[in-house]
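Visitor:
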Amino acid sequence: MFRQLSNPSRKKFPRQFWLMFWGLLLSSSGASMIWPFLLIYINGKLNLPLTTVGTLITINAISSVASTFLAGTFADRFGRKGVMVLSLFADGILFILMIQANDYLTFAILMAARGFSNPLYRVGADAMLADLIPQEDRPEAYALIRMVSNLGIAIGPAVGGFLAATSYDLAFYAAASGMGVYGLLMALFGRETLHADQK
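Under my numbering, the sequence shown has 252 at position 192, and the numbering climbs by one with no breaks.
Structure follows, in structure tokens:
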């Protein structure tokens, strides 16, 4: 990945691609700070059996599947940038609300909400990349995005584990901050790539 980044050919990608690239490193690191420890956190907070807590993952997955079917329509109707920013801010807010949650029903609602919001970013980002990058350059662009996402997933649990050893709340706030910073950068500096005639 780093050899590709140092190659002069990186100049063929527009600035917005690199905003998405570095932003994804931030957001994927943030999200993966929480996910590996989430059930342990909820189990300790609610003192419920792990089998009961595990149903929250099922709720999250069902909501995510439903959102995936709708996300493309939303991205075409409201714009790629709009659904991406909405997803990032929503995820950040949901992480903070999880700190305040104290019962199963609240966690179930929050997990369902995150399951719904998360695919909005992925679908919006995929569509934005297709809008930004010429067809012949897309394999390289998508490969770079996949690699930086995996890098974030590798970094996040290590940082999250370090923070959680002090306080789980710190890990949630750090994850929320990553989402919020990327969302703000996209809102301020990203441009909408969906043309009016595509709606």
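Virtual Cβ for every residue (Gly too), placed ideally from N, Cα, C.
Here the structure is a predicted model, which is why all the values come from computation and not from measurement.
Per DSSP, what kind of secondary structure is ASP151 in: helix, strand or coil?
Guide: helix
Visitor: Compare the C-alpha of GLY238 against each of ILE215, SER89, PRO74 and name the closest.
Guide: SER89
Visitor: Please work out which residues of its chain come closer than 6 Å, Cβ to Cβ, to ALA236, disregarding the five sequence neighbours upstream and downstream, and give them in chain order.
Guide: GLY152, PHE155, ILE156
Visitor: Counting pairs of beta carbons, one from the stretch 97-117 and one from the stretch 158-178, are three or more of them closer than 8 Å?
Guide: yes
Visitor: Where does PHE129 fall in DSSP's three states?
Guide: helix
Visitor: Whose C-beta lies closer than 7 Å to the C-beta of ALA185 among residues of the same chain, with five residues either side of it excluded?
Guide: Around ALA185: MET80, MET144.
Visitor: Relative to the C-alpha of LEU54, which candidate in ARG174, LEU248, MET246, GLY142 has its C-alpha closest?
Guide: Residue numbering for the chain in the displayed model covers 61 to 259; residue 54 lies beyond these limits and cannot be assessed.
Visitor: Among THR112, PHE97, LEU98, which one has its Cα closest to the Cα of TYR164?
Guide: THR112
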